[in-house]
Amino acid sequence: MFKRKTFFVTGCAGFIGSHVAERLLSLGHLVYGMDNLDPFYPREIKEENLSILAAYPNFDFEECSLQDLKDCRWVADGVTFDCIIHLAAKAGVRPSIERPGDYIKSNILGTQAVIDLAEEIQCKDILFASSSSIYGNLSTLPFDEEMNVSKPISPYAYTKRANELQLFEAHHRLGLNVCCLRFFTVFGPRQRPDLAICKFIDLIKRGQPITLYGDGSTRRDYTFVDDIVDGVLSATSFLARGASHYEIINLGGGEPITLSTMADLLYEKLGETPKIEYHPMQEGDVNYTHANITKACNLLQYEPKVSFSKGLDLYIKWLAQHG
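Residue numbers (numbering that gives the first Met the number 0): 0 to 322.
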């Protein structure tokens, strides 16, 4: 029997957040979303994402920052949530190296504001979007959740690890049920314009060369956004079972692809002749990512369904439809 739940989704106007919110809404759940519409990329993109969500009568939105969560009208109205899905964050490895203070303020102080809100409104379940960047340049593959991740190589990575520790302390002190999902290189419709696949497709279509950093041998465990959403929803069900949980779980595609292979596939699918320039690796970039998803399979019955090649087809088709 369907049980309608009430979810609070931070970062609901973003790439992953809009997909998660849309899935919940399509299932009939109530979704309260917030986003600060950060100008990290054009506001118009997020507003378009919000227009999709606004078509559902079971959606409500407030534009605010994480630090101002307690001022949301829902708090004053006494709305209660079954689960907080905390996806809002300042993203991007390279920008974090240039402006680390911004990432500390947004990600660390912002996550503390989410914890404080959960305590105030007595919401026991928090699902948090962590990142594979936490693993840094560990040489043992695939990455599993028990590895020592005390050597991050970017401010973005250390803020995400700090968030996991903040949430563990909240679990211990407040009895919160917490699931930290480490996302591995998510791609698909609505993805951010600063991400490599989006930038490469744009350059290829315009006949411009693409730039690969390094020799093309670096690997990424690309994960299609629909698979990530499946994992998020499974994790909310896992938390709702009632036991006291603090879990860190990888969500990956299980199919690491070299940078060169990714570029070759894009040129092949777009029917263009490769034009590639090679430059030295950039600060903060990692050599490999590869998720061990055994824990996700066991606890969440997670099973990625969309291959990298199929995901590219779906994304290219979406781009053609959306200009």
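Ideal Cβ placement from N, Cα and C applies to all residues, glycine included.
Chain-order list of residues whose beta-carbon lies under 6 Å from that of residue i (same chain, five-residue window excluded)
i            : result
glycine 109  : Leu65
lysine 274   : Pro208
proline 255  : Arg218, Asp220, His289
aspartate 37 : none
Cβ separation of residue i and residue j, assumed to be a contact under 8 Å, to the nearest whole Å
i                 : j                 : result
tyrosine 134      : valine 177        : Not confirmed; about 20 Å, so no contact.
phenylalanine 237 : leucine 299       : 6 Å
arginine 189      : asparagine 35     : Incorrect: roughly 18 Å between the Cβ atoms, too far for contact.
alanine 331       : aspartate 124     : Since the displayed the chain opens at 0 and closes at 322, residue 331 lies outside it and no answer follows.
phenylalanine 6   : isoleucine 84     : 6 Å
threonine 79      : cysteine 122      : 7 Å
asparagine 162    : phenylalanine 127 : 6 Å
Proximity to residue i [Cα-Cα], best of the options
i                : options                        : result
phenylalanine 1  : Tyr155, Leu173, Gly27, Gln320  : Gly27
glutamate 267    : Ile315, Leu232, Lys45, Met280  : Ile315
isoleucine 196   : Ser25, Thr260, Gln300          : Thr260
aspartate 312    : Leu49, Ala295, Gly270, Asp34   : Gly270
asparagine 106   : Cys63, Leu258, Lys159          : Lys159
glycine 230      : Cys179, Asp220, Arg240         : Cys179
glutamate 61     : Pro151, Arg72, Asn147          : Arg72
serine 153       : Gly100, Val113, Phe186         : Gly100
phenylalanine 39 : Phe182, Leu194, Asp201, Asp70  : Leu194
serine 17        : Ala53, Lys4, Arg3, Thr5        : Ala53
aspartate 182    : Gln320, Phe7, Leu86            : Note that residue 182 is phenylalanine in the sequence shown, not aspartate. Ranking the options by Cα distance to phenylalanine 182, first place goes to Leu86.
serine 25        : Pro56, Asn162, Pro41           : Pro56
tyrosine 277     : Gly77, Gly213, Lys204          : Gly213
aspartate 76     : Tyr31, Cys82, Arg98            : Tyr31
leucine 116      : Leu173, Thr139, Asn136         : Leu173
alanine 319      : Leu166, Asp201, Gly206, His171 : Asp201
alanine 242      : Leu175, Asn297, Gly206, Phe58  : Leu175
tyrosine 301     : Val148, Ala234, Gln165         : Ala234
leucine 29       : Met146, Asp59, Asp37, Ser138   : Asp59
proline 41       : Pro255, Asn297, Glu254, Arg191 : Arg191
Short Cβ contact (8 Å threshold) for residue i with residue j
i                 : j             : result
isoleucine 227    : isoleucine 15 : yes
cysteine 45       : alanine 88    : A small correction: the amino acid at residue 45 is lysine; cysteine does not occupy that position in the sequence shown. No.
phenylalanine 130 : alanine 156   : Looking at the sequence itself, residue 130 is serine, so the reference to phenylalanine does not match. The answer is yes: Cβ separation under 8 Å.
threonine 9       : valine 113    : yes
arginine 218      : threonine 288 : yes
glutamate 119     : lysine 150    : no
aspartate 225     : valine 305    : yes
serine 3          : leucine 232   : According to the sequence displayed, residue 3 carries arginine and not serine. Contact: no.
methionine 33     : cysteine 82   : no
Contacts around residue i, its chain only, beta-carbon distance under 7 Å, and the 5 residues preceding and following it disregarded
i              : result
leucine 264    : Ser308, Leu311
asparagine 291 : Pro141, Phe142, Asp143, Asn249
glycine 252    : Phe183, Asp220, Tyr221, Thr222, Phe223, Asp226, Pro303, Phe307
asparagine 136 : Ile152, Val285, Asn286
methionine 280 : Tyr212, Gly213
alanine 295    : Gly230, Ile248, Asn249, Leu250, Tyr301
isoleucine 203 : Ile209, Leu265, Tyr266, Leu269, Glu271
arginine 98    : none
tryptophan 317 : Pro188
Residues of its chain near residue i, where Cβ-Cβ distance is below 8 Å and the 5 sequence neighbours each way are ignored
i             : result
alanine 262   : Phe199, Ile209, Leu211, Gly215, Pro273, Ile275
threonine 257 : Gly215, Ser216, Thr217, Arg218
valine 74     : Leu68, Leu116, Glu119, Ile120
glycine 206   : Glu271, Lys274
leucine 166   : Thr110, Ile114, Ile125, Phe127, Leu175, Val177, Cys179, Tyr245
threonine 139 : Met146
CB contact check: residue i to chain B, cutoff 8 Å
i          : result
serine 216 : Absent here is chain B; the protein component of the structure consists of one chain.
(message) Across the segment 274–289 and the segment 85–93, are there enough close Cβ pairs to call them in contact, namely three or more that are closer than 8 Å?
(response) yes
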